[in-house]
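To start, the structure under review is shown below, and the notes come after it.
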Amino acid sequence: MSLRDDTSSASSSSQRKNVSTGVESEDGHRRWRDRGFNMIRKNILPGKPSFSKRRKFFREDTSSPMPTEDPPFPVYISDADYKDIMAKAQTVLAMKKDLLSDDPAAQLEAATQFGKLLSGGYIRLIDKVKQADVVRRFVQFLKRDDMPQLQSMAAWTLINVTAGLSEHTNTVIEHGAVPLLVKLLSSGSDDGKEQALWALGNIAGSSETAKDVVLNHGALPPLLSLLWNPSATEKSTWRIAIWAFANVIPGKLPLTLEDQVGKTLPGLRELLLMPDELVLLYACSILYWITRDGSGKMVQAILEGNFCPRLVELLLYPKSEVVVTALHALGEIACRNDAQTQVLINSGALLCLKDLLTQSDKIILQEACFVILNIAGGNIAQKQDVIDADLISSLVRLTKADFEIRKEAVWAICNVTEGTHEHIRYLVRNGCIEALCDQLTSTDADMLGLCLTGLYNILKAGEINKDKIKECAGLDKIKRLQSCNMAVYILKTYFPEDLEAIAEEKP
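Here the sequence shown is numbered in the UniProt record's numbering, starting from 1 and rising by one per residue.
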């Protein structure tokens, strides 16, 4: 997955975060990320999803209002289960009759049975309900403020419909459920709020178009009001609200919504102090998404709100999922200007990052290197801070790690080569020439460009470094890279005799 984003809206000051590699690449060389949903939602730990953008709601399980993993839709169905599903499907038309009746008791019983029918998550049954054209009836029941129990049962059924396929979610949208669910967010009933949150979270998580529908019907203000004051909201309700917000917020915030989101920051800071692991996970995720606004306004608001010290503390949290989401948020801040990056340094981020570089978790290593490379891409004093934190030796070691980690570590080293001659001498003493030369056999254009640029910067600092490059077979590797402009420039400038010898060897 690419780790870059379209940076056309980013300030020019952010360009200082990157070295110029001299190698053409379609996505450029700016260290901004394009994670989409998957990086945060599904791959915090390899093979272990942390939380999904869609959930089924099992009404019978009241002990865990926000399960940490989705109950999976069945992939294999036994013959016995299949027969049971088909038998249940045959009851839909009979239940539909009661659902359409004028008898409140019959309506409530039918709504309850439909909810139970769909709680198993079987697509075939959701299809059957869709084909029976009863979704519109459940949407009508959302208006029944005079019958809160029926209203609640209807919302429960719609939750399970929206946990199906996109076509099922679209049916709920088309029948006008979204504005009614938004209205329920302001209901006096905690049960009504929770179920509206589940349904809206599922809808927003189904597609960008569906998310826009939720936002355009004004879901954000009441959602933020639930997050604004968690002490006045039932714990189960605001936990679900955090999850729903994490589904609604991804993507660039419309300017009209930035102020609304900014108002929730005090409440969000409270959430970061909670001892609840899942709340911390969602809160960090939300911070990550709202820092991705193109203007940088939200980043500045977060810095002024003094979030950084707590985010840095969370780098030492015992659960990897929380550490990774905290790194995501800090990484977005580190991408910005020098003043904003300095806040991270002043909050003690570098010492915590040094500790993370000793871990074995690959994603933590990659994300920690990402933050470091952007700090190293700052001003001269910030490069010195990276050196003073004794990070270089760890970065050199990580140039032998998996490619994704290795590339970030190399990028960080190359950013430091843009510093002073004293910085260069420190890098040379700590094995950076060997580390960069070792990567010159890479097939990745960005990696080659980074290493060549880093070596060029080292050569500029002193001719004595020529011999060190030769000693680690770097020159021979550079000779084989003459399709790269930077390789040719290095040969012409610092090894002209070798370039002439190559020319003489050619027929």
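Backbone N, C-alpha and C fix where the C-beta goes; we use that ideal spot for every residue, glycine too. Just so you know, these numbers come straight off a predicted model, no measurement behind them.
Whether residue i touches residue j by CB criterion (8 Å)
i, j, result
"Cys369", "Val343", "no"
"Thr169", "Ile123", "no"
"Leu391", "Ile372", "yes"
"Lys297", "Val248", "no"
"Val134", "Leu99", "yes"
"Leu185", "Leu223", "yes"
"Gly431", "Val396", "yes"
"Asp338", "Asn374", "no"
"Ala334", "Tyr282", "no"
"Cys437", "Gly474", "yes"
"Trp238", "Leu220", "no"
"Leu268", "Ile240", "no"
"Thr441", "Gln382", "no"
"Leu93", "Asn160", "no"
"Ile242", "Leu271", "yes"
"Leu150", "Leu108", "yes"
"residue 510", "Ala106", "With the chain represented from 1 up to 507, any question about residue 510 goes unanswered, as that position is not in the structure."
"Ile424", "Lys468", "no"
"Gly454", "Met486", "no"
"Leu181", "Lys143", "no"
Assumed close pair residue i, residue j - CB separation to whole angstroms, cut-off 8 Å
i, j, result
"Ile478", "Leu459", "Ile478 to Leu459, Cβ: 11 Å. No contact."
"Met447", "Val416", "Contact flag wrong, Cβ pair sits at about 17 Å."
"Ser394", "Lys354", "7 Å"
"Leu311", "Leu280", "Contact doesn't hold; Cβ gap of about 10 Å is too wide."
"Ser189", "Pro148", "6 Å"
"Asn465", "Val428", "6 Å"
"residue 536", "Gly121", "An answer regarding residue 536 cannot be provided, because it is not within the stretch 1 to 507 covered by the chain."
"Ala329", "Tyr288", "4 Å"
"Val324", "Ile363", "6 Å"
"Thr399", "Ala435", "4 Å"
Three-state secondary structure (DSSP) of residue i
i, result
"Pro496", "helix"
"Lys97", "helix"
"Asp259", "helix"
"Ala110", "helix"
"Leu391", "coil"
"Thr441", "helix"
"Ala461", "coil"
"His168", "helix"
"Ile490", "helix"
"Leu273", "coil"
"Gly377", "coil"
"Lys143", "coil"
"Glu471", "helix"
"Asn306", "coil"
"Gly115", "helix"
"Thr358", "coil"
"Glu321", "helix"
"Ala284", "The identity of residue 284 in the sequence shown is Cys, whereas the question assumes Ala. In this structure, Cys284 counts as helix in the three-state DSSP scheme."
"Leu278", "helix"
"Gln149", "helix"
"Asp34", "With a pLDDT of only 41 at Asp34, under 50, the local geometry of the prediction cannot be trusted, and no value is derived from it."
"Leu316", "helix"
"Arg336", "coil"
"Gln482", "coil"
"Ile249", "coil"
"Ala132", "coil"
Residue-level contact to chain B via CB, residue i, 8 Å cutoff
i, result
"Thr420", "Considering every chain present, this structure includes no chain B. It has just one protein chain."
Check: Between the segment 349 to 357 and the segment 300 to 307, do three or more beta carbon pairs fall short of 8 Å?
Finding: Touching, no.
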